[in-house]
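Student: Residue numbers (UniProt numbering): 1 to 445. Okay, here's the structure, questions in a sec.
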């Protein structure tokens with residue numbers, strides 16, 4: 001079946017993407033075609049000249065092109081204090097830094113300024129898709145949605161739910177929390193923007209009563225497919241013990257979510273450091289995913305997640321920055337820290353242990369994250385028919401010992417930053433509007 005679009009722009013450059021965990025595909029050079037709707041028409045080796053049809057060709061020389069990063073877990077309001085509070089563990093950090101910060105977001109204009117800074121920073125760092133936690137404040141969460149839409153990022157946005165064990169200003173009335181969540185879901189959906197979707201967001205079990213969790217689980221399942229659910233799971237040992245005391249009728253932290261209807265194929269949980277084998281199996285059975293947040297796990301001394309254990313069990317895994325438990329708003333940092341965490345895990349075992357490779361970490365930051373968020377059929381790689389969410393990289397290390405594409409790719413992953421990102425595409429739309437691209441794609445409407 002042919003494309004409905006006649007205008008196709010082809011980019012010639014070094015193209016890299018993952019098609020499965022650790023399976024990197026390199027086209028050096030390659031040719032990728034994007035139609036006016038922002039989706040991919042073809043991907044071939046440039047020298048493979050059964051020339052595909054295109055109407056424009058843009059030669060990007062030796063630049064690199066790969067899929068945009070997917071940040072599966074970020075707290076938009078916490079960007080305000082990123083890089084502070086790193087001397088505290090999770091529960092104390094929440095009380096001294098997080099809750100006071102989030103209380104300020106009842107001020108809509110303040111929220112607009114701070115959210116604008118946050119979204120622009122993450123997008124500039126190459127995060128084309130992000131799953132955000134907002135705050136409990138309905139109007140501020142609407143503002144966050146508007147800001148994301150204006151910036152052109154792909155996102156899942158959650159209004160946080162908390163009706164117990166929070167500061168007085170952040171403790172919601174249960175019924176009001178449910179009503180405002182419904183209102184927020186409606187607000188996002190009525191935009192009819194396929195880059196945006198709501199996500200049900202109980203902060204974590206200690207701050208969410210059973211009544212509220214049940215209502216949120218029911219709300220999620222009112223839709224087909226269910227609304228996505230995001231939260232925290234097994235992040236900190238004191239948190240795990242707290243949950244055990246609050247819900248002694250459940251066999252595990254993971255089962256608490258399951259018993260309240262919050263664990264299904266469109267649920268994804270951040271951290272999961274202290275999951276037992278039974279909990280990992282429950283995640284597999286429910287087809288729920290995990291967002292690995294290594295910077296935060298290190299910074300708040302929560303622990304080190306054994307990612308290989310999750311992957312070997314068949315759990316879907318992506319990466320997250322976890323701003324501001326993680327201090328860096330960059331998925332490059334998440335890639336690096338995930339590899340370090342894997343190596344530390346290997347150092348602590350006497351058994352033969354397969355550490356996370358850079359190819360696997362890159363997969364988690366792109367296609368793996370997309371699969372966890374339930375959009376692996378839409379983004380994360382350059383398969384034909386997917387949306388063109390991509391980064392153009394112009395990176396040459398001064399200490400380069402090789403001109404090979406893979407060496408330059410590795411050096412960017414470990415040495416690069418946003419200065420090397422010369423353009424960012426979301427569904428074919430250039431976000432930075434760099435001069436080299438001009439007006440080559442039709443803007444999405």
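Yeah, the Cβ is synthetic: ideal placement off N, Cα and C, and Gly gets one too.
Touching or not, the region 29-44 and the region 327-347, by the rule of three or more beta carbon pairs under 8 Å?
Tutor: Under the three-pair Cβ rule at 8 Å, the region 29-44 does not count as touching the region 327-347.
Student: Is DSSP giving residue 272 helix, strand or coil here?
Tutor: Position 272 of the chain shown holds residue 272. Residue 272 falls in the coil class under three-state DSSP.
Student: Among 180, 252, 223, which one has its Cα closest to the Cα of residue 134?
Tutor: In the chain shown, counting from the first residue as 1, residue 134 sits at position 134. Looking at the Cα atoms, 180 is the closest of the given residues.
Student: What does a CB cutoff of less than 8 Å around residue 182 pick up in its chain, not counting 5 residues either side in sequence?
Tutor: Within the chain shown, numbered from 1, the residue matching residue 182 stands at position 182. For residue 182, where only same-chain residues beyond five positions count, the Cβ hits under 8 Å are 219.
Student: Residue 18 by DSSP, collapsed to three states: which one?
Tutor: Numbered from 1 along the chain shown, position 18 holds the residue referred to as residue 18. Note: residue 18 maps to strand in three-state DSSP.
Student: Among 128, 377, 307, which has the Cα closest to the Cα of residue 385?
Tutor: What you label residue 385 is simply residue 385 of the chain shown in a count that begins at 1. It is 377 whose Cα lies nearest to the Cα of residue 385.
Student: Under the three-state reduction of DSSP, which class applies to residue 293: helix, strand or coil?
Tutor: Position 293 of the chain shown holds residue 293. The answer is coil: DSSP assigns residue 293 none of H, G, I, E or B.
Student: Is it the case that the region 6-22 contacts the region 362-373, given that we only count it when at least three CB pairs across the two stretches are under 8 Å?
Tutor: yes
Student: Please state if the CB of residue 6 and the CB of residue 69 are separated by a distance shorter than 9 Å.
Tutor: Along the chain shown, read from residue 1 onward, the residue named residue 69 stands at position 69. Along the chain shown, read from residue 1 onward, the residue named residue 6 stands at position 6. For residue 69 and residue 6, no; Cβs fall outside 9 Å.
Student: Measure the CB-CB distance between residue 203 and residue 229 and report whether it falls below 9 Å.
Tutor: Locating residue 203 in the chain shown gives position 203, where the first residue counts as 1. Locating residue 229 in the chain shown gives position 229, where the first residue counts as 1. It is not a contact, given that the beta carbons lie outside the stated cut-off.
Student: Can you tell me where the alpha helix (DSSP H) holding residue 312 begins and where it ends?
Tutor: Indexing the chain shown from 1 puts residue 312 at position 312. Note, residue 312: alpha helix (DSSP H), 307-313.
Student: Is the distance from the Cβ of residue 389 to the Cβ of residue 422 below 9 Å?
Tutor: Along the chain shown, read from residue 1 onward, the residue named residue 389 stands at position 389. Along the chain shown, read from residue 1 onward, the residue named residue 422 stands at position 422. The answer is no: Cβ separation not under 9 Å.
Student: Applying the criterion that 16 or more other CB atoms from any shown protein chain within 10 Å of the CB defines a buried residue, is residue 481 buried or exposed?
Tutor: What is shown of the chain runs 1 to 445, which leaves residue 481 out entirely.
Student: Which term fits residue 285, buried or exposed, when burial requires 16 or more other beta carbons within 10 angstroms of its beta carbon?
Tutor: Numbered from 1 along the chain shown, position 285 holds the residue referred to as residue 285. Residue 285 should be labelled exposed.
Student: Give the list of continuous alpha helix (DSSP H) stretches no shorter than 4 residues that lie fully inside the region 94-169.
Tutor: 99-103, 108-124, 138-151
Student: What's the gap between the Cα of residue 9 and the Cα of residue 57?
Tutor: Numbered from 1 along the chain shown, position 9 holds the residue referred to as residue 9. Numbered from 1 along the chain shown, position 57 holds the residue referred to as residue 57. Within the model, the alpha-carbon separation for residue 9 versus residue 57 is close to 6 Å.
Student: What whole-angstrom Cβ distance do residue 342 and residue 355 have, given they're in contact under 8 Å?
Tutor: Numbered from 1 along the chain shown, position 342 holds the residue referred to as residue 342. Numbered from 1 along the chain shown, position 355 holds the residue referred to as residue 355. Confirmed, about 4 Å.
Student: Looking at residue 268: is its Cβ nearer than 9 Å to the Cβ of residue 316?
Tutor: Here residue 268 corresponds to residue number 268 of the chain shown, with the count starting at 1. Here residue 316 corresponds to residue number 316 of the chain shown, with the count starting at 1. In this structure, residue 316 lies closer than 9 Å to residue 268 by Cβ.
Student: Quick check on DSSP: helix, strand or coil for residue 4?
Tutor: Your numbering for residue 4 matches position 4 in the chain shown. The DSSP-derived three-state label of residue 4 is coil.
Student: How many angstroms separate the CA atom of residue 217 from the CA atom of residue 382?
Tutor: Counting from one through the chain shown, the residue named residue 217 turns up at place 217. Counting from one through the chain shown, the residue named residue 382 turns up at place 382. The straight-line gap from Cα to Cα measures roughly 34 Å.
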